[in-house]
Every structure is written in structure tokens, then in C-alpha cells.
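Line by line, the protein sequences are chains G and A.
Take 8 as the starting number for the first sequence in my numbering and just add one per residue.
Take 304 as the starting number for the second sequence in my numbering and just add one per residue.
Take a look at the structure below.
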Amino acid sequence: MAQVLATTLVVASLYALLAAGYVLVYRASRVLNLAQGDMLTLGGYLLFAVAANVGGGPVLAIPVAAALAALTGFLIYLVLMRPMAGHPVFAAVLVTVTLGILLRAAIVLVFTDQIRHPAQLLGLGNPPRRLPGGAVVSTFDVLTVLTAAALFAGLFLFLRLSPLGIQMRAAGERALLASQRGIDFHRLFALAWALAALSGALAGILYSSNVRLEPSLDVLGLKAFAVALVGGLDSLGGVIPAAILVALIEVLTVRYGNPLLSDVSPFLCLLAMLLVRPWGLFGTREELERV
Amino acid sequence: MRRIRLGTLAVVLVTLAVPLSSSGQDAYRIGMSAAITGRAATGYAPTYEAYKAYFKRINDAGGINGRKVEIDYEDDRGEPQRAAAAAKKLAESSVLIVNASISATYKPLMTETEAAKVPLLFGGGVCPREAFPPANPLIFCSTSFGSKWDIIYALDFMKAQAGGRKARLGLVAQDIPLARIELENAEKLSKEMGFDTIPLVIVPSAAADYTPFAQKLKDDGAEWVFAWSPWPVEIGVFEALNRLGWKGSYLLYGHQPTQDELARLKTPNLYAFGGNSLFTENLPVHQEITSVVKGQTQHPAHYMAEGWVSAMVLEAALRKCGWPCTREKLAQAMAGVSVDTKGLRGGPIEWTADNHYRKSTWYKVYHWDAGRNAIAAVGGWTKLDIK
Numbered sequence: 008m009a010q011v012l013a014t015t016l017v018v019a020s021l022y023a024l025l026a027a028g029y030v031l032v033y034r035a036s037r038v039l040n041l042a043q044g045d046m047l048t049l050g051g052y053l054l055f056a057v058a059a060n061v062g063g064g065p066v067l068a069i070p071v072a073a074a075l076a077a078l079t080g081f082l083i084y085l086v087l088m089r090p091m092a093g094h095p096v097f098a099a100v101l102v103t104v105t106l107g108i109l110l111r112a113a114i115v116l117v118f119t120d121q122i123r124h125p126a127q128l129l130g131l132g133n134p135p136r137r138l139p140g141g142a143v144v145s146t147f148d149v150l151t152v153l154t155a156a157a158l159f160a161g162l163f164l165f166l167r168l169s170p171l172g173i174q175m176r177a178a179g180e181r182a183l184l185a186s187q188r189g190i191d192f193h194r195l196f197a198l199a200w201a202l203a204a205l206s207g208a209l210a211g212i213l214y215s216s217n218v219r220l221e222p223s224l225d226v227l228g229l230k231a232f233a234v235a236l237v238g239g240l241d242s243l244g245g246v247i248p249a250a251i252l253v254a255l256i257e258v259l260t261v262r263y264g265n266p267l268l269s270d271v272s273p274f275l276c277l278l279a280m281l282l283v284r285p286w287g288l289f290g291t292r293e294e295l296e297r298v
Numbered sequence: 304m305r306r307i308r309l310g311t312l313a314v315v316l317v318t319l320a321v322p323l324s325s326s327g328q329d330a331y332r333i334g335m336s337a338a339i340t341g342r343a344a345t346g347y348a349p350t351y352e353a354y355k356a357y358f359k360r361i362n363d364a365g366g367i368n369g370r371k372v373e374i375d376y377e378d379d380r381g382e383p384q385r386a387a388a389a390a391k392k393l394a395e396s397s398v399l400i401v402n403a404s405i406s407a408t409y410k411p412l413m414t415e416t417e418a419a420k421v422p423l424l425f426g427g428g429v430c431p432r433e434a435f436p437p438a439n440p441l442i443f444c445s446t447s448f449g450s451k452w453d454i455i456y457a458l459d460f461m462k463a464q465a466g467g468r469k470a471r472l473g474l475v476a477q478d479i480p481l482a483r484i485e486l487e488n489a490e491k492l493s494k495e496m497g498f499d500t501i502p503l504v505i506v507p508s509a510a511a512d513y514t515p516f517a518q519k520l521k522d523d524g525a526e527w528v529f530a531w532s533p534w535p536v537e538i539g540v541f542e543a544l545n546r547l548g549w550k551g552s553y554l555l556y557g558h559q560p561t562q563d564e565l566a567r568l569k570t571p572n573l574y575a576f577g578g579n580s581l582f583t584e585n586l587p588v589h590q591e592i593t594s595v596v597k598g599q600t601q602h603p604a605h606y607m608a609e610g611w612v613s614a615m616v617l618e619a620a621l622r623k624c625g626w627p628c629t630r631e632k633l634a635q636a637m638a639g640v641s642v643d644t645k646g647l648r649g650g651p652i653e654w655t656a657d658n659h660y661r662k663s664t665w666y667k668v669y670h671w672d673a674g675r676n677a678i679a680a681v682g683g684w685t686k687l688d689i690k
């Protein structure tokens with residue numbers, strides 16, 4: 008059982024990192040960013056590119072890759088999403104779908120489809136860690152959990168305490184009032200996109216160091232999308248219990264049920280949630296009407 | 304004036320069209336439907352690259368029987384509907400279509416080529432049963448892996464390694480049709496061979512973490528685990544087992560990344576078997592491939608082995624077909640082809656009228672030899688007669 012819980016925590020942390028990106032962008036701009044899974048892939052390849060071309064070891068490569076991912080998110084908003092202001096939301100969503108396709112194609116063109124291991128390039132090992140109760144996880148599993156915890160703590164502090172974070176919440180909750188108070192929406196949206204890209208890229212940096220890097224990792228984004236919807240698309244706090252719930256059901260399905268069903272279990276959770284509480288665990292009812 | 308302009312345009316178009324069509328008629332026209340991009344590209348794009356490099360060299364040296372080999376490449380992205388469209392297009396002008404894609408593309412491709420009576424060569428994806436005896440007259444396969452025979456060899460190898468003891472065996476398949484069907488067959492066959500086999504573990508392609516699957520195998524007491532699937536699942540489950548401190552032995556089919564991954568993991572209990580020799584053996588043919596593909600491919604030279612063998616077989620078939628070479632003549636030529644693979648495989652590829660897989664197939668197993676700190680073969684080639 009200890010192993011089931013440890014694996015659940017690791018998988019939940021990965022999903023939470025990815026799902027945070029969906030929620031941040033949706034809260035701020037009401038846009039579903041369907042390219043969030045590609046941010047994971049991009050993060051892994053940025054790490055690989057920095058490690059291969061710049062060197063400097065993990066101390067330099069990881070922060071540089073994360074910063075480049077955040078910059079990419081910022082530029083995506085500036086170049087693609089800002090011109091969509093005033094257009095129907097579904098048009099902006101379609102732009103994110105196209106963005107994902109373009110990112111995947113660009114990654115194959117630049118890096119090929121070969122499986123890579125950026126951690127090896129950085130000289131990093133991934134030894135197993137024995138936990139109380141006999142569970143075993145990898146070093147990058149531990150780092151994934153710690154990173155998710157740090158990111159969520161940082162985001163909560165930022166949104167609660169910093170002026171920019173409070174403005175971001177205000178813009179998400181009462182857009183009209185916020186605009187009347189002179190809040191610069193574009194700055195906040197750009198920040199939301201940068202943070203979403205950063206959270207996705209962190210998931211990618213950790214996953215590619217832990218497992219492998221290949222162009223098709225974006226599929227993990229679909230499961231995280233289910234997590235975001237189960238938690239409530241406008242609730243960052245909802246992501247954590249939703250990620251734990253979805254991951255636990257997935258792991259238990261493999262362990263005690265039919266492993267084949269594990270692939271669809273996040274979507275079964277989502278379906279159940281939509282039937283019982285369509286706005287998610289911690290989402291607001293009002294949001295459903297807007298969607 | 305307008306009439307003169309149109310006349311001039313027509314003359315220009317005819318002038319342009321004549322050399323194009325005559326060059327097509329003077330050359331061997333081959334079509335290839337391959338997963339050059341898309342999720343499946345990892346295993347198949349290298350075959351496309353190997354073909355390009357191989358036939359560039361052939362054409363630069365004057366072609367075959369004095370004719371160039373022109374290959375039209377279509378990227379099916381591993382998607383059945385794209386493969387069907389590609390086959391339809393390629394069948395119009397090709398004497399042969401080569402497939403280097405996932406098994407999901409096989410059915411539509413076979414349907415289209417059957418209708419157009421075009422020979423179909425599987426040159427990168429797993430060999431379909433239609434190439435095994437009694438073979439479909441138009442379907443051929445040069446790929447090193449062929450489900451049914453791989454499984455027979457793998458079970459024999461593990462039985463021998465277990466020293467006749469009734470070993471507890473775990474089986475791993477990715478959730479794709481061919482892998483599932485074949486490992487379900489392996490489940491039955493292994494029990495008949497005296498293994499204590501635990502139920503097959505099927506891994507979805509989008510698994511975020513392989514640990515729960517590995518834990519299931521470990522808790523069920525597997526001493527040997529056999530995986531026959533695309534590489535990420537094969538190696539992903541092994542790494543998770545290794546992390547959990549599992550002490551058993553793991554056998555997987557050695558796809559292109561094998562030699563990189565054996566060297567990365569350095570774990571002696573990981574065995575990779577396959578039909579192609581690893582480039583770590585540094586045979587003259589390996590050196591030849593490395594030198595030919597240098598600067599022409601995006602993948603390492605050792606990824607080219609599968610496509611290279613297929614191109615060798617096609618070259619031999621075209622030489623035998625002579626000129627002019629029709630589809631019927633080419634299918635007849637292929638049904639009697641014999642190709643020396645120069646050490647890339649354990650022996651020649653020989654096709655007969657009713658066996659389009661090969662008369663005999665050879666396997667070799669590699670693992671990490673901790674004593675020598677290098678990849679080493681576990682014995683030599685093992686021959687399996689195909690009947």
C-alpha cells in the first residue's frame with residue numbers, strides 16, 4: 008500500500024504541475040489552452056537544447072530552460088493570443104490547438120523523433136530512494152513532488168499577497184470592475200501565459216529527466232486537462248485534490264483492476280464529476296454558465 | 304495575340320512535361336508509405352532515411368540495370384486513413400510499394416495494393432502473417448521482427464537461461480493490436496512450454512508512470528519478464544522494475560535505441576534480442592553504412608540497419624527483374640530472391656514462392672557485460688527455420 012500511495016503522489020504532482028497551467032490561463036482570460044501538454048514537451052526539449060549547446064551543468068541548464076519556457080509563454084500571448092482579444096473565445100481556443108500542432112512539428116524538425124535523456128547529458132543520475140513503509144521512488148520522483156509543492160505554495164502566496172497577484176485574481180473574478188480600476192489586462196494575461204508555460208515546462212523538465220524525452224509527450228496534457236476540470240477550471244486550489252483523486256484511481260486501476268482501464272480512468276472521473284457537480288470540486292457555479 | 308500567348312504556354316508546358324514523363328518511364332518507380340513524422344515516427348523515420356541514402360548511392364553509381372531508382376515518399380504519420388490515401392496515390396505509378404509504418408496502417412494499405420495488384424514490401428514495421436508461409440503472392444517482408452517467430456525464440460531463450468527450472472514468467476504488451484494478440488499467444492505457449500506464467504500486463508501508450516505495472520509484475524513474483532512492444536513501453540517497465548529493486552531478468556525486443564540504452568543503463572539483467580547485429584560489433588558493413596549515411600540522416604547510423612537490409616533486398620529484386628520491370632515480373636523476381644546481408648543479419652534473406660518472410664531467421668541476444676564494461680552478445684546467432 009505504501010508503494011501505491013507513493014506512486015499516487017508522484018503521478019498527482021506531475022498532473023498538478025500541468026493542470027496549474029490550464030487553470031492559470033483560464034482564470035485570467037477564460038481561454039482553454041489546449042497546447043498545455045505541448046508546454047511539457049517544450050520544457051523537456053529546452054532542457055535538452057540548453058544541456059547540449061550551453062552546458063554549465065544542471066545548476067545553469069534547468070533555470071535557463073525554465074526561464075526560456077516562461078519567455079515562450081509570454082511571447083505566445085503577445086504574438087498569438089493578444090490579437091484574438093475581442094474575438095469569440097472559441098477562436099482563441101482554436102489558436103491554442105493550432106499552436107500545439109505547430110510546436111510538435113517544430114520539435115520533430117529541430118530535434119527529430121529520437122528518444123533523448125537530458126539528465127544523462129547533464130551528468131545526473133536518478134538513483135532509487137527508499138521511503139518509510141518500504142516504498143521506492145526515483146530521485147526525480149521526489150523532485151517532482153517537491154517542485155509541485157513549491158510551485159503551488161509560490162502561486163498561492165503570489166495570488167494572495169502580491170499586488171500583481173491580487174490584480175490577477177480581481178481580473179479573473181470581476182473583469183469589468185477591474186478594468187474600471189485601471190488594471191492593465193494585457194500585462195496580467197501575458198503573466199498568466201508565462202506562468203502556465205513555466206508550470207508545464209517544469210513538468211516536462213522533470214518527466215524527461217525521470218523517464219524519457221520524445222515529441223509525443225503532449226498526450227499527458229489530456230489527463231491533466233481532466234484533472235483541471237475535476238478540480239474546477241477556475242480553482243487553483245481544486246487542482247491538488249483533483250490530481251490526487253485522479254492519480255489514485257489510475258494507480259489503483261492498474262494495481263487491483265484492469266491496467267487497460269488506467270488510460271481512461273481520468274476521463275471516467277471527469278464524466279462522473281460532470282454528472283454530479285459539473286463545475287468541479289472547487290469551481291464556482293457561475294463559471295459553468297460562462298463556459 | 305492572346306492565341307499566340309496560349310500557344311507559347313502550351314509549348315512550354317509540353318516541353319517541361321516530356322522530360323518529366325520520360326524520366327519516370329526510364330526509371331524504376333517505387334512508392335513508400337512511411338511514418339516519417341507523427342507519434343510513431345521514432346521507429347520508422349530511420350527506414351525512410353536509410354532508403355534515401357542507399358538509393359542515392361545506387362543512382363549516383365548509374366542505377367540498376369542502367370536505370371535510376373525513383374522513390375516517391377508519402378508521410379502516413381502512422382495513421383490508417385493517410386496510409387490508404389498514400390497507397391491509392393502511389394499505386395498509380397509504382398511497380399512496388401514499401402511500408403515503414405505501424406501495424407494500424409497495414410489493413411488499408413493491403414486493401415489498396417491488393418486492388419491495384421501492386422507488390423507490397425514491409426520494410427520497417429513488424430512482419431504481418433500474410434508474409435509467412437503460405438504467403439500472399441503480393442506481400443513480402445524484410446523486417447527483422449516477425450511476431451510469431453520472435454515469441455518462439457524468446458521463450459526458448461528464457462527457458463534455456465532458467466536452466467530447465469519452471470520459471471515464473473511475466474509478459475508485457477503495449478495496448479496495440481499486434482502486441483496484444485501475440486503476447487496473448489505467448490501466454491498460452493509459455494504455459495505449454497512449462498513456464499509458470501502470470502497474467503499478461505497490458506500497458507496503455509499514454510501511461511504517465513510505469514511503476515504500478517512494474518509493481519504488479521514484482522508482487523506477482525515474476526523471475527523473468529518478456530516485453531514485445533514499441534520501445535518506450537519495453538524499456539519504461541524495465542526501468543520501473545529496476546527502481547523497485549526487482550532481481551529478475553528482463554528480455555525485450557531490441558529496436559533501434561538498443562545499443563544506446565544498454566550502454567546508458569549498464570544493467571546485466573536486461574537482455575535485448577533481435578534479428579540485426581548491433582553496430583558495437585563494428586563489422587565492415589556497419590562501417591560502410593556509417594560512412595554512406597554520414598551527413599545525410601538525422602538519426603545515428605545504427606538506426607539505419609532495418610531500412611538498409613530492406614533496401615538491399617529491393618536492389619536485388621530490381622536487378623533480378625531486369626528491364627522493363629512490371630509489377631508481375633517484380634513479384635515473381637521477389638519470390639526467388641536471395642540476399643547476403645553481410646553480417647547485418649545472421650544469414651541471407653531468401654524468399655520462395657510460398658514464403659515471403661524468409662526460409663530461416665536468425666536471432667542474437669545482447670546485454671551489458673559488467674566485467675568487460677561493454678555490450679556483449681550472449682552466444683552467437685541462433686537459426687530458426689520458417690515452415
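Ideal Cβ placement from N, Cα and C applies to all residues, glycine included.
Does DSSP put residue i in a helix, a strand or coil?
i, result
"residue 490 of chain A", "helix"
"residue 620 of chain A", "helix"
"residue 242 of chain G", "coil"
"residue 695 of chain A", "Outside the shown range of chain A, which is 304 to 690, sits residue 695 of chain A, and nothing can be said about it."
"residue 326 of chain A", "The pLDDT assigned to residue 326 of chain A is 46, lower than 50, so where the model puts this residue is not dependable, and the model offers no usable value."
"residue 662 of chain A", "coil"
"residue 669 of chain A", "strand"
"residue 418 of chain A", "helix"
"residue 181 of chain G", "coil"
"residue 276 of chain G", "helix"
"residue 10 of chain G", "helix"
Could you tell me whether the Cβ atoms of residue i and residue j are closer together than 8 Å?
i, j, result
"residue 472 of chain A", "residue 527 of chain A", "yes"
"residue 346 of chain A", "residue 602 of chain A", "no"
"residue 474 of chain A", "residue 495 of chain A", "no"
"residue 398 of chain A", "residue 331 of chain A", "yes"
"residue 336 of chain A", "residue 400 of chain A", "yes"
"residue 547 of chain A", "residue 372 of chain A", "no"
"residue 381 of chain A", "residue 341 of chain A", "yes"
"residue 478 of chain A", "residue 507 of chain A", "yes"
"residue 46 of chain G", "residue 203 of chain G", "yes"
"residue 222 of chain G", "residue 129 of chain G", "no"
"residue 594 of chain A", "residue 572 of chain A", "no"
CB-CB under 7 Å to residue i, same chain, minus the five flanking residues each way: which ones, in chain order?
i, result
"residue 483 of chain A", "476 and 505"
"residue 487 of chain A", "503"
"residue 379 of chain A", "336, 337, 338, 385, 386, 389, 404 and 408"
"residue 209 of chain G", "24, 50, 73, 154 and 158"
"residue 562 of chain A", "581, 582, 583, 605 and 678"
Buried or exposed, going by whether 16 or more other CB atoms sit within 10 Å of the CB of residue i?
i, result
"residue 325 of chain A", "The pLDDT assigned to residue 325 of chain A is 40, lower than 50, so where the model puts this residue is not dependable; a value taken from the coordinates is nonetheless given after this. Residue 325 of chain A should be labelled exposed."
"residue 193 of chain G", "exposed"
"residue 124 of chain G", "buried"
"residue 579 of chain A", "buried"
"residue 590 of chain A", "exposed"
"residue 519 of chain A", "buried"
"residue 605 of chain A", "buried"
Please report the residue range of the beta strand (DSSP E) in which residue i lies.
i, result
"residue 335 of chain A", "331–337"
"residue 472 of chain A", "471–477"
"residue 135 of chain G", "135–137"
Which residues in the same chain have their Cβ closer than 6 Å to the Cβ of residue i, if we skip the five residues on either side of it in sequence?
i, result
"residue 430 of chain A", "444, 446, 449 and 660"
"residue 600 of chain A", "352"
"residue 18 of chain G", "254"
"residue 42 of chain G", "103, 106 and 107"
"residue 679 of chain A", "672"
"residue 640 of chain A", "619, 620 and 654"
"residue 511 of chain A", "none"
In chain order, what residues of the same chain have a beta carbon less than 8 Å from the beta carbon of residue i, not counting five sequence neighbours either side?
i, result
"residue 701 of chain A", "Past the edges of chain A, shown from 304 to 690, lies residue 701 of chain A, and the structure says nothing about it."
"residue 481 of chain A", "406, 429 and 450"
"residue 201 of chain G", "77, 78, 80, 81 and 84"
Comparing the CB of residue i with every heavy atom of the ligand MN, is any distance shorter than 7 Å?
i, result
"residue 680 of chain A", "Absent from the structure shown: the ligand MN. Ligands present: none."
In terms of residues, what are the limits of the alpha helix (DSSP H) holding residue i?
i, result
"residue 352 of chain A", "344–363"
"residue 530 of chain A", "Unbroken run through residue 530 of chain A is the beta strand (DSSP E), 527–530; no alpha helix (DSSP H)."
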